[in-house]
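**Student:** Structure provided below as structure tokens; questions to follow.
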Amino acid sequence: DTGVSQDPRHKITKRGQNVTFRCDPISEHNRLYWYRQTLGQGPEFLTYFQNEAQLEKSRLLSDRFSAERPKGSFSTLEIQRTEQGDSAMYLCASSLGTSAFQETQYFGPGTRLLVL
Amino acid sequence: GNSVTQMEGPVTLSEEAFLTINCTYTATGYPSLFWYVQYPGEGLQLLLKATKADDKGSNKGFEATYRKETTSFHLEKGSVQVSDSAVYFCALSGRLSGSARQLTFGSGTQLTVLP
Numbered sequence: 044d045t046g047v048s049q050d051p052r053h054k055i056t057k058r059g060q061n062v063t064f065r066c067d068p069i070s071e072h073n074r075l076y077w078y079r080q081t082l083g084q085g086p087e088f089l090t091y092f093q094n095e096a097q098l099e100k101s102r103l104l105s106d107r108f109s110a111e112r113p114k115g116s117f118s119t120l121e122i123q124r125t126e127q128g129d130s131a132m133y134l135c136a137s138s139l140g141t142s143a144f145q146e147t148q149y150f151g152p153g154t155r156l157l158v159l
Numbered sequence: 011g012n013s014v015t016q017m018e019g020p021v022t023l024s025e026e027a028f029l030t031i032n033c034t035y036t037a038t039g040y041p042s043l044f045w046y047v048q049y050p051g052e053g054l055q056l057l058l059k060a061t062k063a064d065d066k067g068s069n070k071g072f073e074a075t076y077r078k079e080t081t082s083f084h085l086e087k088g089s090v091q092v093s094d095s096a097v098y099f100c101a102l103s104g105r106l107s108g109s110a111r112q113l114t115f116g117s118g119t120q121l122t123v124l125p
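Encoded structure:
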């Protein structure tokens, strides 16, 4: 079990550029979640996948944000036309969906984005 | 909606002191409750969890009891170490669909333990 991995760990970009982050979940986990964490705050839920299906995306912050999980394994989060307010840590988590009581999310190290 | 309120930090303690970090929540239904810890430059690590009222979660000397009557899940440790210095987040699970759950987090409490 290698844990959840995210790439890159850090990204600096200029306002208006597009960025894409990758998340590789724990191998047998069928659920994958994206969260955003701003400085001094707890993570905020963005979206989640069960296998390749994106079952909740209404919390994505704007239509500039999109996520995919094409084969039910890794996932990507893209932000188009970045703004300075997008600067944050983007966290990915995965879980093995069995029952509500057993639902435990395991987090990756995050991608820290800075928009200049 | 669901919300979590955590004791504001930062908290500074001497090694071997007793730790309490308060956490209260507002939720519909019967959520599971969690404590996560975040070390500098790292992601969140699950510290402990409790899935129903009166359950006690415990790990690495930390404990928290799910108190439905006071809607609380306070984190305690009898004797902290320098290595416990980190940010601690209380969280609850809210229903998404099926058995999937969305975590709602508190704002975190920074703990610094001095030797």
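Residue numbers (my numbering), protein chains in the order written: chain A, 44 to 159; chain B, 11 to 125. Just so it is clear, CB atoms sit at the ideal spot from N, CA and C, and this is done for glycine as well. This structure is a prediction, so every number in the text was calculated from the model and none was measured.
1. For Glu146(A), count the other beta carbons within 10 Å of its own beta carbon; 16 or more makes it buried, fewer makes it exposed. Which is it?
2. DSSP three-state call for Gly128(A): helix, strand or coil?
3. Closest to Trp77(A) by C-alpha separation, out of Asn61(A), Ser70(A), Arg112(A), would be which residue?
4. Are the CB atoms of Phe92(A) and Leu104(A) nearer to each other than 8 Å?
5. Below 7 Å between beta carbons is the criterion; list the residues of the region 114 to 133 of chain A that meet it against any residue of chain B, in chain order.
6. Under 8 Å between C-beta atoms, does Ser13(B) make it to chain A?
7. Are at least three pairs of beta-carbons, each pair with one atom in the region 85 to 100 of chain B and one in the region 108 to 124 of chain B, less than 8 Å apart?
8. Pull out every residue of the region 84 to 103 of chain A whose Cβ sits closer than 9 Å to any Cβ of chain B, in chain order.
9. According to DSSP, which residues form a beta bridge with Lys59(B)?
10. Classify Ser70(A) as helix, strand or coil using the three-state DSSP reduction.
11. Determine, for Glu146(A), whether the minimum Cβ-Cβ distance to residues of chain B falls below 8 Å.
12. Do we get a CB-CB distance below 8 Å when we pair Glu25(B) with the residues of chain A?
13. Report yes if the CB atom of Thr154(A) is closer than 8 Å to the CB atom of Tyr133(A), and no otherwise.
14. How many Å lie between Leu23(B) and Leu29(B) at the Cα?
15. Measuring alpha carbon to alpha carbon, tell me which of Ala101(B), Ala74(B), Glu26(B) ends up nearest Gln91(B).
16. May I ask you to list the residues that DSSP assigns as paired with Arg65(A)?
17. Looking at the C-beta of Lys59(B), does it have a partner C-beta in chain A at a distance below 8 Å?
18. Does the CB of Gly71(B) have a neighbour CB from chain A at under 8 Å?
19. Report back the beta-carbon spacing between Thr61(B) and Ser42(B) to the nearest angstrom; my notes put them in contact at under 8 Å.
20. Could you tell me if Ile122(A) is buried or exposed, where buried requires 16 or more neighbouring beta carbons within 10 angstroms of its beta carbon?
21. Since Ser109(A) is in the beta strand (DSSP E), which residue starts that stretch and which ends it?
22. For the 8 Å Cβ check, are there 3 or more pairs between the region 69 to 81 of chain B and the region 49 to 59 of chain B?
**Tutor:** According to the data block:
1. With 16 or more other CB atoms across the displayed protein chains lying within 10 angstroms of its CB, Glu146(A) is buried.
2. If DSSP states are grouped into helix, strand and coil, Gly128(A) belongs with the helices.
3. The candidate whose alpha carbon is nearest that of Trp77(A) is Arg112(A).
4. In this structure, Phe92(A) sits away from Leu104(A), with a CB-CB distance that is not shorter than 8 Å.
5. Hits within the stretch: zero.
6. Judged by the 8 Å Cβ criterion, Ser13(B) is not in contact with chain A.
7. With the cut-off at 8 Å, the region 85 to 100 of chain B and the region 108 to 124 of chain B touch.
8. Listed by position, the residues of the region 84 to 103 of chain A near chain B (Cβ gap below 9 Å) are Gln84, Gly85, Pro86, Glu87, Phe88, Tyr91, Gln93, Leu98, Glu99, Arg102.
9. Looking at the DSSP output, Lys59(B) bridges to Phe44(B).
10. Ser70(A): coil per DSSP, three-state reduction.
11. Under the Cβ criterion of 8 Å, Glu146(A) is counted among the residues facing chain B.
12. Interface criterion not met: the Cβ of Glu25(B) is under 8 Å from no Cβ in chain A.
13. Yes; because the gap between Cβ atoms is below 8 Å, this pair is in contact.
14. Between the C-alpha atoms of Leu23(B) and Leu29(B) there is a straight-line separation of about 8 Å.
15. Nearest C-alpha to Gln91(B): Glu26(B).
16. Among the bridge pairs identified by DSSP, Arg65(A) is matched with Asp50(A), Thr119(A).
17. So, interface residue.
18. Judged by the 8 Å Cβ criterion, Gly71(B) is not in contact with chain A.
19. Their Cβ separation, rounded to whole angstroms, is 5 Å, which keeps Thr61(B) and Ser42(B) in contact under 8 Å.
20. Around the CB of Ile122(A), 16 or more other CB atoms lie within 10 Å, so the residue is classed as buried.
21. Here the beta strand (DSSP E) through Ser109(A) covers 108 to 111.
22. Yes, since at least three Cβ pairs between the region 69 to 81 of chain B and the region 49 to 59 of chain B fall closer than 8 Å, the two stretches touch.
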